[in-house]
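In the numbering used here, the protein residues as written are 95 to 454.
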């Protein structure tokens, strides 16, 4: 039976699960924080698969038991009960089979991480910066719905509003695994605020979503980092332009530069900038992995070419189209108000289908 071969795959992971349980209670592992964090992560990822496997196994056992009663038992009352149980279980088997398959796809180890979200105004001048601000608001509203925390770490405001560039950290459960689909070019078609003739213009903003590097992901040599301080700019009260609280870090070997001016405290800005620098260095290596899989997963335009156009926001028609999965909805105001879960779900379904196909 196909169900049994699937069950064998799931239950075959039980030995690894038991081994992880044992290791996590080992004092030697507990004292090695890096190893403990890694093993605990693997254990948590396996838990729903093992639970689903045990539930599936019980369902199949109950089904076989009911069939056995139906074929061997003479008592009509027992046979009737067996028939009812079979009728109840039969439709559950294919559904459970369908639910388990995605669980068997190896999880991207980055999916559980927090994320660094960058939005930059692209072609279109002032209108592109305004649209970048609209996208930031959209993601902010979405994060509120999910109970995630969004912190702006660096920003450069546009002359007519919005942002030339804005960088945020998004923290919460499984943030990167959800927001990673947003990387790419977002195109807007609408009449700009600056347009006097009422003509529709096309402009764009680029979004990049990076998994935040954990403390254990990469080791930084502080001798390789140059630290500069400068006066922060933008909103922030009396300390703006008077105290050198803003931090710029330059990683000399790679040439990567990050800065943070969000906090009034220089120390807090330094910590945030260091975390972002660690993430950017980590992502230099992660990018190689993304490029390897991008050719295999067409839905994940974000995994390879971040210059690829992924979505169009058409204001005159109140239309949003995601070009990777040919998904269109006609409720743009709700979408821009953070109601983006449906398209993210569709992207995840499409990616899981491609990953399943590749695994077979």
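Every residue, glycine too, gets a C-beta built ideally from N, C-alpha and C.
Next on the checklist: From the DSSP secondary-structure annotation, give me the bridge partner or partners of residue 280.
Outcome noted: 299 and 405
Checklist entry - Is residue 421 helix, strand or coil by DSSP? => result strand
Checklist entry - Secondary structure at residue 347, three-state DSSP: helix, strand or coil? => result coil
Next on the checklist: How far does the alpha helix (DSSP H) with residue 248 in it extend, from its first residue to its last?
Outcome noted: Taken as a continuous stretch (DSSP letters only), residue 248 belongs to no alpha helix (DSSP H), being part of the beta strand (DSSP E) at 243-251.
Checklist entry - Would you report the Cα separation of residue 118 and residue 108, rounded to the nearest angstrom? => result 15 Å
Checklist entry - residue 442 and residue 305: beta carbons closer than 8 Å? => result no
Item to check | Exposure of residue 241, with buried meaning 16 or more beta-carbon neighbours within 10 Å | outcome: exposed
Checklist entry - Expressed to the nearest angstrom, what Euclidean distance is found between the alpha-carbon atoms of residue 221 and residue 152? => result 59 Å
Checklist entry - Tell me which same chain residues have a C-beta within less than 8 Å of the C-beta of residue 283, skipping the five on either side of it? => result 294, 295, 296, 406, 407, 408, 409 and 410
Next on the checklist: Nearest by alpha-carbon distance to residue 208: which of 260, 272 and 258 is it?
Outcome noted: 272
Item to check | 8 Å Cβ cutoff met for residue 404 and residue 232 | outcome: no
Next on the checklist: Would residue 176 and residue 163 be called neighbours here (beta carbons separated by less than 8 Å)?
Outcome noted: yes
Checklist entry - Does DSSP classify residue 112 as helix, strand or coil? => result Note: residue 112 maps to helix in three-state DSSP.
Item to check | residue 229: first and last residue of the uninterrupted alpha helix (DSSP H) it sits in | outcome: Counting along the chain, the alpha helix (DSSP H) containing residue 229 begins and ends at 220-240.
Next on the checklist: Once DSSP output is grouped into helix, strand and coil, what is the label at residue 435?
Outcome noted: helix
Checklist entry - Excluding five sequence neighbours on each side, which residues of the same chain lie with their C-beta closer than 6 Å to the C-beta of residue 352? => result Excluding residues within five positions, the ones whose Cβ falls inside 6 Å are 343, 367, 370 and 371.
Item to check | Nearest residue (CA-CA) to residue 257, options 269, 265, 235 and 226 | outcome: With distances taken between Cα atoms, residue 257 lies closest to 226.
Checklist entry - So, helix, strand or coil for residue 415, using DSSP? => result strand
Item to check | Status (buried if at least 16 other CB within 10 Å, exposed otherwise) for residue 316 | outcome: exposed
Checklist entry - So, helix, strand or coil for residue 206, using DSSP? => result Residue 206 falls in the coil class under three-state DSSP.
Checklist entry - In chain order, what residues of the same chain have a beta carbon less than 6 Å from the beta carbon of residue 447, not counting five sequence neighbours either side? => result none
Checklist entry - Just checking my contact of residue 143 with residue 198 at CB under 8 Å: how many whole Å lie between their CB atoms? => result 7 Å
Checklist entry - For residue 324, does the count of other Cβ atoms within 10 angstroms reach 16, so buried, or fall short, so exposed? => result Around the beta carbon of residue 324, fewer than 16 other beta carbons sit within 10 angstroms, so the residue counts as exposed.
Checklist entry - For residue 445, which of 373, 357 and 275 has the nearest alpha-carbon? => result 275
Checklist entry - Closest to residue 285 by CA distance: which of 113, 412 and 126 is it? => result 412
Checklist entry - With 16 other CB atoms within 10 Å as the buried threshold, where does residue 223 fall? => result Buried is the call here.
Item to check | Coarse secondary structure for residue 173, derived from DSSP in three states | outcome: helix
Next on the checklist: Could you pull the DSSP bridge partners for residue 372 from this structure?
Outcome noted: Beta-bridge pairing links residue 372 to no other residue.
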